[in-house]
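**Student:**
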Amino acid sequence: MSDEVITCIQCGRSFVWSYSDQRSYKERKLETPRRCKACRIEHNHEIAERERVRGTQKQPKMFNDLPKTRKWFPMVFVFAMIGIAIILAIYLLLS
655 MSDEVITCIQ CGRSFVWSYS DQRSYKERKL ETPRRCKACR IEHNHEIAER ERVRGTQKQP
715 KMFNDLPKTR KWFPMVFVFA MIGIAIILAI YLLLS
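Here the sequence shown is numbered in our numbering, starting from 655 and rising by one per residue.
Below you can see the structure in the form of structure tokens.
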């Protein structure tokens, strides 16, 4: 195994992937790098920024996080119980 020259998928420049880096990647079971160090840093910053923005826009875990089919379930349940109570009251009054 020797140093390897790789072309960055982002900027198109060539960079050297050293033998020691290759060994390190292999030990940690990482894939061959596809971006040069500068583009990798930039890419990681973009990912971190996307996650940060997504995190601030996400609403707190409450009623809104329920799937749409279940959002109305509590309200439907309450109306059904009220309807049953009204029918039962009318039945008891008439009997």
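Where is the CB? At the ideal position from N, CA and C, for every residue including glycine. Owing to the predicted nature of the structure, the values given are computational and were not obtained by experimental measurement.
Do R689 and H699 have their CB atoms nearer than 8 Å?
**Tutor:** Going by C-beta atoms, R689 is not nearer than 8 Å to H699.
**Student:** In terms of alpha-carbon separation, which member of L747, V732, I695 and R708 lies closest to C665?
**Tutor:** It is I695 whose Cα lies nearest to the Cα of C665.
**Student:** Alpha helix (DSSP H) containing S678: first to last residue?
**Tutor:** That run of the alpha helix (DSSP H) goes Y673 to E681.
**Student:** Run through the DSSP bridge pairs and tell me what E705 is partnered with.
**Tutor:** Answer is none; E705 lacks a bridge partner.
**Student:** Enumerate in chain order the residues of its own chain whose CB-to-CB distance from V659 is below 7 Å, with the five nearest sequence positions on each side excluded.
**Tutor:** Answer for V659: S668 and V670, listed in chain order.
**Student:** Give the straight-line distance between the Cα atoms of L748 and I738, rounded to the nearest whole angstrom.
**Tutor:** Rounded to whole angstroms, L748 to I738 spans 15 Å at the Cα level.
**Student:** In the structure shown, what three-state DSSP assignment does E658 receive?
**Tutor:** Note: E658 maps to strand in three-state DSSP.
**Student:** Compare the Cα-Cα distances from K691 to each of L742, V732, I663 and R708 and report the closest residue.
**Tutor:** Of the listed residues, the one whose Cα sits closest to K691 is I663.
**Student:** Using beta-carbon positions only, say whether S608 and D657 come within less than 8 Å of one another.
**Tutor:** It is not possible to answer for residue 608, since the shown part of the chain is limited to 655 through 749.
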